[in-house]
Amino acid sequence: MARVDVIMPQMGESIAEGTVSRWLKKVGDPVKRDEPILEISTDKVDAEIPAPASGVLAEIKVPEGETVEVQTVVAVLETDQGAPVSAPDSGDGAGAGSDAAPAAEPPPSPSPAPAAALAAPARTPAAAPATTADERLRQRSTPLVRKMAAEHGVDLSQVTGTGHAGRVTKKDLLSFLESGPAPASAPAAAPPSTAAPSGPVVHPTVEAWAGDRVEPMSKIRKLTADHMVLSRRTSAHVTSFYEIDFTRIAALRQAHKAAYLNRGARLTYMAFIIKAVADNLRTHPILNASVSGDSIIYRRPVNIGVAVALDWGLIVPVIRDADDLSLAGIAKAVVDLAERARSKRLNPDEVQRGTFTITNPGVFGSYIGTPIINQPQVGILGVGAIEKRPKVLTLDDGQDVIAIRTMSMFSISYDHRIVDGADADRFMADLKRDLETFPDGAL
């Protein structure tokens with residue numbers, strides 16, 4: 235009988251820790267190789283973790299709700315195999331429900347972490363002492379922690395790290411923000427007119443009444459709450475509304491949806507919307523940008539994030555280089571990412587590096603909404619319900635008539651720091667034109 239360790243996988247090179255969200259098996263249960271045995275939650279993605287071997291779950295070392303560093307043993311399997319199965323390489327990231335390992339998280343810009351910083355110490359060669367404060371900072375923190383520290387104006391050299399080799403973890407930083415020195419003491423603070431909002435996101439507490447049910451936020455809900463509050467504090471939100479006539483697209487969709495199904499794609503309204511948005515972001519680059527201090531970063535790729543509502547929260551998978559994809563390619567990508575988001579099989583890099591976001595509250599019947607910008611982007615499109623409504627049309631002879639048309643209301647929330655009303659309106663006018671005159675040749 236061999237014992238096989240189940241470890242907390244590294245879901246991308248900037249991920250230093252993960253939380254055990256739920257155990258899918260209990261001690262004594264038989265498990266098969268690649269069968270999901272627990273769910274984990276990280277700062278980037280939720281995922282199901284498969285068993286590295288077939289056997290019996292002999293021991294659970296980390297209970298639900300506890301956060302531990304990557305490569306921590308969370309459980310032990312007993313297996314009849316003659317040789318133990320080796321744990322995944324710490325640099326590759328563990329699979330989430332399939333044999334293939336997910337792609338490593340792309341290094342964030344502008345300060346990617348060296349791959350060796352997250353490698354197992356046994357395989358890391360002795361490094362020369364850091365010669366600068368910046369190098370020392372990179373060795374004892376991850377890009378995620380450094381980004382959080384920059385947002386809150388914290389000097390990481392003041393934070394005591396409890397991670398491996400003194401590494402500052404996200405938990406260390408949050409504890410410091412709650413009890414440490416005021417962020418204003420950090421050196422080289424940006425001028426108030428351009429600095430990002432400082433201080434931790436604090437959610438007011440209210441009294442629970444008799445008979446109320448109180449439960450802690452899930453990790454994904456807490457991250458979403460913090461992100462939304464931070465976005466409202468960061469960007470000057472303005473929202474514009476446009477009415478879109480989908481009658482032509484509805485006819486095209488009806489005529490071609492069977493052929494698309496035969497090609498393995500579902501021809502949804504969202505596919506048409508993403509295609510038109512991607513094409514127009516190339517011609518309206520200010521909506522595909524980010525604010526960095528006193529500079530504007532015009533993103534080269536057009537990466538469209540599509541918000542997906544889950545039973546346990548919200549996640550935004552990203553369609554990379556959407557402007558290079560055909561309508562069929564986008565249709566396949568939308569369905570694939572949504573299905574894998576709901577089954578917790580997304581890779582960390584599939585929820586990162588979006589340049590513009592689309593949210594679709596209309597799928598639940600909402601007429602319109604005013605979405606909050608997904609930082610560090612500067613625009614988000616809200617899609618209202620697409621349904622038949624009466625519409626006044628003017629005929630060629632100038633006579634006005636009331637007709638039944640397939641209509642929707644769109645909203646765009648944009649960051650007025652760099653996006654003027656004229657910029658957003660020109661983008662929306664072109665988007666409206668392209669959707670209402672969608673060409674047959676694009677199918």
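Under this note's numbering, read the sequence shown as residues 235 to 677, first letter to last. Beta carbons: idealized from backbone N, C-alpha and C, even for Gly. Keep in mind the model is a prediction, meaning the values are calculated, not measured.
**Request:** Could you tell me which of Met242, Gln611, Leu627 and Leu677 sits nearest to Ile646, measuring between CA atoms?
**Result:** Locating residue 646 in the sequence shown gives position 412, counting from the first residue. The shortest C-alpha separation from Ile646 is found at Gln611.
**Prompt:** Can you tell me whether DSSP reads Thr303 as helix, strand or coil?
**Reply:** As a first step, residue 303 is located in the sequence shown; it is residue number 69 there, counting from the start. It should be noted that the sequence gives Glu, not Thr, for residue 303. Three-state result, Glu303: strand.
**Item:** Spatial distance of Gly289 from Ile564 (CA atoms)
**Value:** The residue given as residue 289 occupies position 55 in the sequence shown. The residue given as residue 564 occupies position 330 in the sequence shown. If I take the Cα positions, the gap works out to 41 Å.
**Message:** Please report the straight-line C-alpha distance between Leu495 and Met462, rounded to a whole angstrom.
**Reply:** Mapped onto the sequence shown, residue 495 falls at position 261. Mapped onto the sequence shown, residue 462 falls at position 228. Their backbone Cα atoms lie some 37 Å apart in a straight line.
**Prompt:** Whose CA, out of Val379, Lys266 and Gly445, lies closest to the CA of Glu251?
**Reply:** Locating residue 251 in the sequence shown gives position 17, where the first residue counts as 1. Closest option to Glu251, Cα to Cα, is Val379.
**Request:** Put Pro624 into one of helix, strand or coil per three-state DSSP.
**Result:** Taking the first residue of the sequence shown as position 1, residue 624 is located at position 390. Of the three classes helix, strand and coil, the one that applies to Pro624 here is strand, per DSSP.
**Prompt:** So Leu291 packs on Asp314, CB below 8 Å; how close in whole Å?
**Reply:** Stepping through the sequence shown from its first residue, residue 291 is reached at position 57. Stepping through the sequence shown from its first residue, residue 314 is reached at position 80. Leu291 to Asp314, Cβ: 14 Å. No contact.
**Message:** So, with DSSP's three-state summary, where would you put Glu298?
**Reply:** For the purposes of this step, residue 298 is taken as the residue at position 64 of the sequence shown. Here Glu298 sits in coil by DSSP.
**Prompt:** So does the segment 579-587 actually touch the segment 542-551, counting three or more Cβ pairs closer than 8 Å?
**Reply:** Counting C-beta pairs closer than 8 Å gives three or more between the segment 579-587 and the segment 542-551, which meets the contact rule.
**Message:** For Gly498, count the other beta carbons within 10 Å of its own beta carbon; 16 or more makes it buried, fewer makes it exposed. Which is it?
**Reply:** Here residue 498 corresponds to residue number 264 of the sequence shown, with the count starting at 1. Result: exposed.
**Request:** Could you spell out where the beta strand (DSSP E) holding Leu464 opens and where it closes?
**Result:** If you number the sequence shown from 1, residue 464 lands on position 230. Not the beta strand (DSSP E): Leu464 falls in the alpha helix (DSSP H), residues Lys453 to Thr468.
**Asked** What's the gap between the Cα of Phe215 and the Cα of Ala309?
**Response** There is no way to answer for residue 215, as the model of the chain reaches only from 235 to 677.
**Request:** Measuring alpha carbon to alpha carbon, tell me which of Val265, Ala470, Val261 and Asp479 ends up nearest Pro297.
**Result:** For the purposes of this step, residue 297 is identified with residue 63 of the sequence shown, where counting begins at 1. Per the Cα distances, Val261.
**Asked** At a cut of 8 Å, does the segment 465-480 reach the segment 583-591 through at least three beta carbon pairs?
**Response** Segments in contact, no.
**Request:** May I have the straight-line CA-CA distance separating Ala489 from Gly613, to the nearest angstrom?
**Result:** Residue numbering aside, residue 489 sits at position 255 when the sequence shown is read from its first letter. Residue numbering aside, residue 613 sits at position 379 when the sequence shown is read from its first letter. Near 33 Å, if we compare the C-alpha coordinates of Gly613 and Ala489.
**Item:** Beta-carbon proximity check, Arg516 vs Asp557, cutoff 7 Å
**Value:** Position 282 of the sequence shown, counted from the start, is the residue given in the question as residue 516. Position 323 of the sequence shown, counted from the start, is the residue given in the question as residue 557. Result yes, Cβ atoms of Arg516 and Asp557 sit closer than 7 Å.
**Item:** Of the listed residues Glu441, Glu303 and Glu670, nearest to Asp187 (C-alpha basis)
**Value:** Lying before the first or after the last residue shown, residue 187 is absent from the chain, which here runs from 235 to 677.
**First and last residue of the uninterrupted alpha helix (DSSP H) at Val709** = The chain is shown only over 235 to 677; residue 709 falls outside these bounds and no answer can be derived.
**Message:** For Asp649, list the residues DSSP reports as bridge partners.
**Reply:** For the purposes of this step, residue 649 is identified with residue 415 of the sequence shown, where counting begins at 1. His471.
**Message:** Quick check on Lys266: buried or exposed, where buried means 16 or more other Cβ atoms within 10 Å of its Cβ?
**Reply:** As a first step, residue 266 is located in the sequence shown; it is residue number 32 there, counting from the start. Its Cβ having fewer than 16 others within 10 Å, Lys266 is exposed.
**Contacts around Ile478, its chain only, beta-carbon distance under 6 Å, and the 5 residues preceding and following it disregarded** = Locating residue 478 in the sequence shown gives position 244, counting from the first residue. These residues qualify, in order along the chain: Ser642, Phe644, Lys666 and Leu669.
**Asked** By Cβ distance below 8 Å, which residues in the same chain neighbour Met662 in space, the five residues on each side in sequence not counted?
**Response** Position 428 of the sequence shown, counted from the first residue, corresponds to residue 662. Within the same chain, Met662 has close Cβ partners Ser474, Tyr476, Phe644 and Ile646.
**Prompt:** Comparing alpha-carbon positions, which option in Trp546, Val585 and Thr468 lies nearest Ile454?
**Reply:** Start at 1 with the first residue of the sequence shown, and residue 454 comes out as number 220. Ranking Trp546, Val585 and Thr468 by Cα distance to Ile454 puts Trp546 first.
**Item:** CB contact below 7 Å: Glu251 versus chain C
**Value:** Although the question refers to chain C, the structure presented lacks it and comprises just one protein chain.
**Request:** Please name the residue, chosen from Thr468, Ala459, Arg487 and Asn537, that lies closest to Ala676 on a Cα-to-Cα basis.
**Result:** Start at 1 with the first residue of the sequence shown, and residue 676 comes out as number 442. The shortest Cα separation from Ala676 among Thr468, Ala459, Arg487 and Asn537 belongs to Arg487.
**Item:** Arg487: first and last residue of the uninterrupted alpha helix (DSSP H) it sits in
**Value:** Along the sequence shown, read from residue 1 onward, the residue named residue 487 stands at position 253. Thr481 to Asn496 is the extent of the alpha helix (DSSP H) around Arg487.
**Request:** Consult DSSP for Ala672 and reduce its assignment to one of helix, strand or coil.
**Result:** Within the sequence shown, the letter at position 438 stands for residue 672. Sequence inspection shows Phe at residue 672; the Ala mentioned does not correspond to that position. Coil.
**Request:** Answer yes or no: do Val536 and Ala562 have a C-beta to C-beta separation smaller than 7 Å?
**Result:** Here residue 536 corresponds to residue number 302 of the sequence shown, with the count starting at 1. Here residue 562 corresponds to residue number 328 of the sequence shown, with the count starting at 1. Not closer than 7 Å, so no.
**Message:** Along the chain, where does the alpha helix (DSSP H) containing Tyr503 start, and where does it finish?
**Reply:** Indexing the sequence shown from 1 puts residue 503 at position 269. Unbroken alpha helix (DSSP H) run through Tyr503: Tyr503 to Thr517.
**Request:** Kindly indicate which residue of Leu272, Ile507, His650 and Leu457 has the alpha-carbon position closest to the one of Ser560.
**Result:** Indexing the sequence shown from 1 puts residue 560 at position 326. The shortest C-alpha separation from Ser560 is found at Ile507.
**Request:** Determine which residues share a DSSP beta bridge with Ser275 and list them.
**Result:** Within the sequence shown, the letter at position 41 stands for residue 275. Ser275 pairs with Thr253 and Asp280.
**Asked** Just checking my contact of Ile607 with Phe480 at CB under 8 Å: how many whole Å lie between their CB atoms?
**Response** On the sequence shown, residue 607 is found 373 positions in, with the first residue counted as 1. On the sequence shown, residue 480 is found 246 positions in, with the first residue counted as 1. In this structure, Ile607 and Phe480 do not form a Cβ contact; the two beta carbons are roughly 25 Å apart against a cut-off of 8 Å.
**Asked** Going by the CB atoms, is the gap between Arg467 and Val569 shorter than 7 Å?
**Response** Reading the sequence shown from its first residue, position 335 is the one you call residue 569. Reading the sequence shown from its first residue, position 233 is the one you call residue 467. Result no, Cβ atoms of Val569 and Arg467 do not sit closer than 7 Å.
**Item:** Under the three-state DSSP convention, the category Arg660 falls into
**Value:** Taking the first residue of the sequence shown as 1, we reach residue 660 at position 426. Helix.
**Message:** Could you give the first and the last residue of the continuous beta strand (DSSP E) run that contains Leu580?
**Reply:** Position 346 of the sequence shown, counting from 1, holds the residue named residue 580. Careful: Leu580 lies outside any beta strand (DSSP E) and carries neither H nor E.
**Item:** Chain-order list of residues whose beta-carbon lies under 6 Å from that of Ser465 (same chain, five-residue window excluded)
**Value:** Here residue 465 is taken as the residue at index 231 of the sequence shown, counted from 1. Excluding sequence neighbours, Ser465 sits near Ile606, Ile607 and Gln609.
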